[in-house]
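Single-structure report; data block below.
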Amino acid sequence: MIIAIHILGKLLDFSSERAWHRFVTGNLFTNGQFLERSRSNRRCRALRWAMKWIRHELAKRGHHHAYVVVDSLPLPLCHAARRDRVKRFQGIADIGYCASKKQWYDGWKLHLQVTDQGLPMGYVVTEASCHDRIAAESVMTQIPHPLSPRGQRVH
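Each residue of the sequence shown is one higher than the one before, counting from 0 in numbering that gives the first Met the number 0.
Below, the structure is given as structure tokens:
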């Protein structure tokens with residue numbers, strides 16, 4: 000039941016755990032039979048591995064989607080002007096180039112596999128300098144798909 004309530008909160012686009020818990024206790028469990036907020040949030044975080052496994056099994060057994068899209072987006076830590084002053088993630092984050100913004104940044108890159116219905120099926124966070132083709136191959140191995148991977152042309 001916790002997993003179903005957590006997924007419903009994600010589908011209804013609640014951005015904070017606190018707001019979602021207030022909604023659940025005020026509308027779904029008005030008799031006070033639901034977990035307190037901190038315990039509910041801890042339980043949801045502890046069950047993330049189960050939700051990932053369920054998603055993987057559904058994708059493996061269920062109907063296959065017409066296509067999947069693998070794309071990347073930058074996760075910038077800071078802009079180039081502050082690169083030398085930020086020391087917290089030195090050695091972890093590196094320098095990457097965002098072609099759509101035509102600028103360099105320090106940080107990471109998120110590679111996301113999305114179905115034709117908009118459901119995220121797999122992801123990988125890499126260093127910012129990682130080539131999209133290499134990361135796309137590792138994302139595509141997370142969820143089996145019968146079609147051969149076709150991505151956008153990367154320059």
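We treat Cβ as the ideally placed atom computed from N, Cα and C, and that holds for glycine.
Note that the structure is a prediction, hence the values are computed from the model and not measured.
Note on the stretch 24–110: whole beta strand (DSSP E) runs with a minimum of 3 residues are 67–78 and 93–97, in chain order. Rounded to whole angstroms, the separation of the alpha carbons of residue 120 and residue 31 is 35 Å. In the three-state DSSP reduction, residue 117 falls in the coil class, being neither helix nor strand. According to the DSSP assignment, residue 12 belongs to no alpha helix (DSSP H), since it is labelled neither H nor E. Excluding residues up to 5 positions away in sequence, 71, 123, 134 and 138 lie with their Cβ nearer than 6 Å to the Cβ of residue 110 in the same chain.
No residue range can be given for residue 128, since it is assigned to no alpha helix (DSSP H) and is classified by DSSP as neither H nor E. Here residue 15 is exposed, its C-beta having fewer than 16 other C-beta atoms within 10 Å.
With 16 or more neighbouring CB atoms inside 10 Å of its own CB, residue 5 falls in the buried class. Around the CB of residue 12, fewer than 16 other CB atoms lie within 10 Å, so the residue is classed as exposed.
The stretch 41–49 and the stretch 88–99 do not touch, with fewer than three beta-carbon pairs separated by less than 8 Å. Considering only 128, 105 and 8, the residue with the shortest C-alpha distance to residue 89 is 105.
Ranked by Cα distance from residue 39, the first of 131, 84 and 2 is 2.
Note on residue 27: under 16 other CB atoms within 10 angstroms of its CB, so exposed under the neighbour-count rule. Setting aside the 5 residues that flank it on each side, residue 65 is surrounded in the same chain by 115, each with a C-beta closer than 8 Å to its C-beta; the list follows chain order. One alpha carbon belongs to residue 79, the other to residue 0, and they sit about 46 Å apart. In terms of Cβ geometry, residue 113 and residue 67 form a close pair [threshold 8 Å].
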